[in-house]
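Trainee:
Chains as they are written, first to last, in the numbering used here: chain Y, 25 to 468; chain U, 25 to 468.
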C-alpha cells in the first residue's frame, strides 16, 4: 500500500430520498425550464416529406396523422398547400379528420402563401424566413427591413383569420444576434403565438442553444419553439437544452426523417424526456404506441429502424458483458436508465458469448430448473466461454453444455424437471439473433 | 401595415471577418476547452465487442485495429485479457502489430486482472470500478474505502511496469459527487495518466456533463477521459460539452456499437468536431477512410449503416425541397454545415418529386443542354409537380417531361445536343434511390 493514500474515509449513509428526487431530472437552477411542461410539434408530414425517400399518398398521410394523434402529439405540421395541388387537398382532408392534435401548415413569409394557407382549415400557420446572411444572399435576396415588413403583413393577416401564428427565422444560429432579437421583439409585440428558432444546417451545440434561448426568452412574451437538424448528431441534446433554457415546443419527426439526415426524432426525444420528467411524459404520451408508429413511418419511406435507435433499436435493452448481466439480474436500474416496460418492450440478457459471466449462466441454469452449486456454475461457464472463443454461440449451444455438465455432475440421478419452469417474466434471457424480431425461446 | 411596427431599421454591414472566425467554433469563454486539442480512444474492440451482434475473430480484430490506426485514432482499447483465453491471445497479437495508435486494455479494478493485463504488451491499462450506489450494492458490493484501497494498489502496480494507467469510475453521473472527487483527487496525486468519467447508463445531459468536468478539472492535475452511452440520444453532444469543459479524451466506437444502443459514434463525433475545429480534425484524422471503416465494422457485426447516420447515411448530403435546392445550387454553405468532399463524398439534389422548385429543374435543363426561358422552366416545373402528386418520380420521368416540353416550345427545330453535357462535378443531380448505393446516373 502507498503512503500517498490520502483518500478520506467516509461513512456510508443511506440517501434513499436523493434517488427519489430524480438526480437526472431538471436542473433546479433553470427557473425558466420547460423540461416538465413541453409540447411536441410533429413534422413528419412536412419536414419528413422532405426526406429523400418520402412519397406519402393521401391515405398514408391520413394514417400517419391519426397514429400521431393517438400517440398524443400536441401539433401536426403539414407541407405548405402551395407546394403542389395535392399538398393543398391533403391539408384540407387532414383538417377535416377532427383530431385532438392541432393542425398546422408551414409556409414562406409571403402573402401569396398565407392567403392559400388560411383557407385550408388549419388551426395555425407556421411562417418561416431565412435570416442568415447565407440565406438572405443566396435564397430570397431580401434584407432585414424587408423581412420585418413582410412578417408583419403576413402575421396580421393570419391573426385576422382567428388562427394561431408562429414566426420563425431559418438558420437562426448563423444569423446576426441583433437582427434576430430585433425581429423577434417586433413580432412578439404584434402578438404571434410562438416564435421559432431553427438550426437549419445542424451546426448548433447545446450550450449555444441554451444561451440563445435564454436571451430570446428575455425579449419576447410568447412561447418559443425550436427546430434542430441532426447533421452533427446533437438534435436531441439541443432540444433538451432548449427546454432547459425556456423553450416550450420542440419540432420532431418520427425517426427524425427530414432534409439530409433529418431532425430531432420523436422516439429519441421521448427517451431523453422520460428520464427528466417521467410523470409528465408517461401521463401525456402513449409510449406503448411508439414502436408501431415508427414501423408505420419506416415502412412508408422504405427504411429500416436503425440498429442503434433509442428505445426501439433491436438491442436497446440487450445486456451482454458478464459484469452487466450480473448486476441487471440483481436490479435492472444498475445498467438501465429506461424501463423497457414503459414502452411495452422487454429486456434481454445475452448470455451465449465469450464475455458471459457465471451470474448470467446461473440464471439460465435456474430457468432450466437444474441444480448446480456456484462452483459448478463457474466451471460450466468456463466451458461456455471456451466454445465462445471459437465461434458465435446460440442458446441451444449453451443449453447443451449446461445439460451435459449437469448429467455429468448429478449422477446417478438427474434432478426432476418441471413442465413450466419458473421464469422471471420481467427478464427475458435470450441469445441468438435480434430479440425483437424472433419468437421468444421457451426454456426447455 | 401595423402601427405596432417597432422594428428598428438597421444598416446592412458586411461582416466577412465574422464568418472567417467560425461562429460555431469553440466558445471563447471556455478557457479550459480541448475542442481543438482532443484525442480519441476507440473502443470498438472492447465496448464494441459487448454489442449484441459482435463476434470478432482474431483476423477480424486485426483488420479493424489496422483500419482504426490508418484512420488515425490515438488509442485502441481492447477487451480484458481475463474475459477469455482467446481475448488474451488477441490482445497480445494486436500489441505486436506495431501500430501508431497506443494499445490499451480495459480491466476491473482488481490485482488478478492487472497482473494478466501488464503481461500482454499493452501501452496502457484502463481500470474501471462502479462507484454509484446502484453498482456498489448490486454489482461488486464494495464501499468507497475499499474502492480507494484497491485502486491505489492496482495503479501503483501498473505504474511500476512503466505503462500508462487510467482510473475511471463507472456510472459516474449517479455517484455521490463528494465520493467521486475524493477518489479522483487521490488517484491523481499518486500519478495516474488519466481519470475517466463514464455515463454508463446514458442518463447524463450536456450541461450536467459540463459542470462535472469543470469541477473535476479543478481537482485533478491529469487528463480527463469521458465515456458516454447513447440511451437517451446525447452521446455526441455530451462528448462535445465534455471537451468544452476541459476533458481531453473521448471514448468512441465505429458506428457507436456497444452495450445496448452503444456509445458516442466515431463518425458522428467527427461530424460534430469538424464544425468546431476544422483544421485540427482535417489534419489529424483520415476522414476519407471513414466510410470504409464503418462498412468494415457494419459487415463484421451484421448491421446496416443507419439511414440517418451522420456523414455516411445514404441521404446525409441529399437536398430535396425546392427552396433548399435553389440555395444549394447558388452556394452549398446555405444548407450544409459539412462539406461532403471532406469525407470523399458527394452531394445530391433530389429534384424528381412534388416538392421540387424551378431552380432545381432549371439546373437539370442546363445539364441536359436544353434551352428554356425562366418562364418556360416554371411551366415545365408545374407539369413535373403535377405528376409528382400522383406517384413517386424517377429521373427518367422528369427528363421525359422536360424533353417533351422542350420539343413543344422549340419547334420548328430542336437545339443541338452535345455528347458530353457540362455537369458541375461538385453537384450530382440525382433522384432515384439511395445515392451511395447506386451507379451515378449519367445525364442523357
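The beta-carbon is built from N, C-alpha and C at its ideal position, and this holds for glycine as well.
Should residue 251/Y be flagged as near chain U, meaning a C-beta pair shorter than 8 Å?
Mentor: Judged by the 8 Å Cβ criterion, residue 251/Y is not in contact with chain U.
Trainee: Can you name, in chain order, every residue of its own chain whose Cβ lies under 8 Å from the Cβ of residue 433/U, other than the five neighbours on each side?
Mentor: So the qualifying residues of the chain are 396, 400.
Trainee: Roughly how far, in whole angstroms, is the beta-carbon of residue 361/U from the beta-carbon of residue 256/Y, given that I think they are within contact range, below 8 Å?
Mentor: At roughly 7 Å, the Cβ-Cβ gap stays under 8 Å, so residue 361/U and residue 256/Y are in contact.
Trainee: Classify residue 128/U as helix, strand or coil using the three-state DSSP reduction.
Mentor: Strand.
Trainee: Classify residue 94/U as helix, strand or coil using the three-state DSSP reduction.
Mentor: In the structure shown, residue 94/U sits in a helix (DSSP, three-state: H, G or I).
Trainee: Would you mind stating whether residue 246/Y and residue 217/Y have Cβ atoms separated by less than 8 Å?
Mentor: Going by C-beta atoms, residue 246/Y is nearer than 8 Å to residue 217/Y.
Trainee: On the criterion of 16 or more Cβ atoms from any shown chain inside 10 Å, does residue 202/Y qualify as buried, or is it exposed?
Mentor: Classification of residue 202/Y: exposed, given that the 10 Å Cβ count is below 16.
Trainee: Which residues of chain Y have a Cβ atom closer than 8 Å to the Cβ of residue 374/U, listed in chain order?
Mentor: Per Cβ cutoff of 8 Å: 76.
Trainee: How many Å lie between residue 126/U and residue 321/U at the Cα?
Mentor: Taking the straight line from one Cα to the other gives about 20 Å.
Trainee: So with CB distances below 8 Å, who are the chain Y contacts of residue 260/U?
Mentor: Within chain Y, the residues near residue 260/U are 256, 257, 258, 261.
Trainee: Which whole-angstrom value is the C-beta distance of residue 192/U and residue 136/U, which I expect to be below 8 Å?
Mentor: That pair is no contact at about 18 Å.
Trainee: At a Cβ cut of 9 Å, what residues of the segment 332-349 of chain Y count as close to chain U, listed as they run along the chain?
Mentor: Going along the segment 332-349 of chain Y in chain order, one finds 332, 333, 334, 335, 337, 338, 339, 340, 341, 342, 343, 344, 345, 346, 347, 348 with a Cβ nearer than 9 Å to chain U.
Trainee: Would you say residue 30/U faces chain Y, with C-beta separation under 8 Å as the test?
Mentor: Caution is warranted here: a pLDDT of 48 is assigned to residue 30/U, below 50, making its placement in the model unreliable, and the coordinate value is therefore given only provisionally. With 8 Å as the cut-off, residue 30/U counts as an interface residue toward chain Y.
Trainee: For the beta strand (DSSP E) containing residue 260/Y, list its first residue and its last residue.
Mentor: Where residue 260/Y is concerned, there is no enclosing beta strand (DSSP E), although the alpha helix (DSSP H) it sits in stretches over 259-269.
Trainee: Under 8 Å between the Cβ atoms of residue 244/U and residue 281/U?
Mentor: No.
Trainee: Report yes or no: do the segment 111-130 of chain Y and the segment 329-342 of chain Y share at least 3 C-beta pairs separated by less than 8 Å?
Mentor: Too few Cβ pairs lie closer than 8 Å, so no.
Trainee: Who are the Cβ neighbours of residue 444/U in its own chain at under 7 Å, not counting the five residues just before and after it?
Mentor: The pLDDT assigned to residue 444/U is 43, lower than 50, so where the model puts this residue is not dependable, and the model offers no usable value.
Trainee: Looking at chain Y, is there any beta carbon in it that lies within less than 8 Å of the beta carbon of residue 218/U?
Mentor: Judged by the 8 Å Cβ criterion, residue 218/U is not in contact with chain Y.
Trainee: Is the shortest distance between the beta-carbon of residue 273/Y and the beta-carbons of chain U less than 8 Å?
Mentor: Residue 273/Y does not count as touching chain U.
Trainee: Assuming the contact rule is C-beta atoms closer than 8 Å, residue 384/Y and residue 412/Y should be a hit. Round their C-beta distance to whole Å, please.
Mentor: At roughly 12 Å, the Cβ-Cβ gap does not stay under 8 Å, so residue 384/Y and residue 412/Y are not in contact.
Trainee: Per DSSP, which residues does residue 252/Y bridge with? Please list them.
Mentor: Beta-bridge pairing links residue 252/Y to 223/Y.
Trainee: Could one say the Cβ of residue 464/Y lies closer than 8 Å to chain U's Cβ atoms, at least one of them?
Mentor: Summary for residue 464/Y: the model assigns pLDDT 33, below 50, so the residue's position carries little reliability, and this model does not support an answer.
Trainee: Compute every distance between the C-beta of residue 337/Y and the non-hydrogen atoms of the ligand FMN, then say whether any falls below 7 Å.
Mentor: As presented, the structure is devoid of all ligands, the ligand FMN included, so that no description of it is given.
Trainee: Can you check which of these residues, 141/Y, 368/Y, 157/Y, 69/Y, is closest to residue 189/Y by C-alpha distance?
Mentor: When each option's Cα is compared against that of residue 189/Y, the closest is 141/Y.
Trainee: Kindly indicate which residue of 104/Y, 64/Y, 61/Y has the alpha-carbon position closest to the one of residue 139/Y.
Mentor: That would be 104/Y, whose Cα lies nearest to the Cα of residue 139/Y.
Trainee: Got a sec: which bits of the segment 295-313 of chain U sit with their beta carbon under 9 Å from any beta carbon on chain Y, in order along the chain?
Mentor: Listed by position along the chain: 295, 296, 297, 298, 299, 300.
Trainee: Taking CB distances under 8 Å as the criterion, tell me whether residue 123/U reaches chain Y.
Mentor: No, residue 123/U does not count as interfacial toward chain Y.
Trainee: Kindly indicate which three-state DSSP category residue 361/Y falls into: helix, strand or coil?
Mentor: Residue 361/Y falls in the coil class under three-state DSSP.
Trainee: Beta-carbon within less than 7 Å of residue 530/U's beta-carbon, same chain only, minus the 5 sequence neighbours each way: which residues are those?
Mentor: Nothing about residue 530/U can be read from this structure; chain U reaches only from 25 to 468.
Trainee: Mark residue 68/Y as exposed unless 16 or more other C-beta atoms lie within 10 angstroms of its C-beta, in which case mark it buried.
Mentor: Answer is buried; the Cβ neighbour count reaches 16.
Trainee: With 8 Å as the threshold, decide whether the Cβ of residue 60/Y is near any Cβ in chain U.
Mentor: Not one chain U Cβ lies under 8 Å of residue 60/Y.
Trainee: For residue 379/Y, tell me which candidate among 92/U, 134/U, 111/U has the shortest Cα-Cα distance.
Mentor: Residue 379/Y has its Cα closest to that of 111/U, out of 92/U, 134/U, 111/U.
Trainee: For residue 185/Y, return the contacting residues in chain U, with the cut-off set at a CB-CB distance below 7 Å.
Mentor: Ordered by position in chain U, no residue passes the 7 Å Cβ test against residue 185/Y, which lies about 16 Å from the chain.
Trainee: Establish whether the CB of residue 327/Y and some CB of chain U are separated by less than 8 Å.
Mentor: Yes, contact with chain U.
Trainee: Under 8 Å between the Cβ atoms of residue 286/U and residue 332/Y?
Mentor: Their beta carbons are under 8 Å apart, which means residue 286/U touches residue 332/Y by this criterion.
Trainee: Chain Y partners of residue 330/U, CB-CB under 7 Å?
Mentor: Under the 7 Å cutoff, chain Y gives 330, 331, 332.
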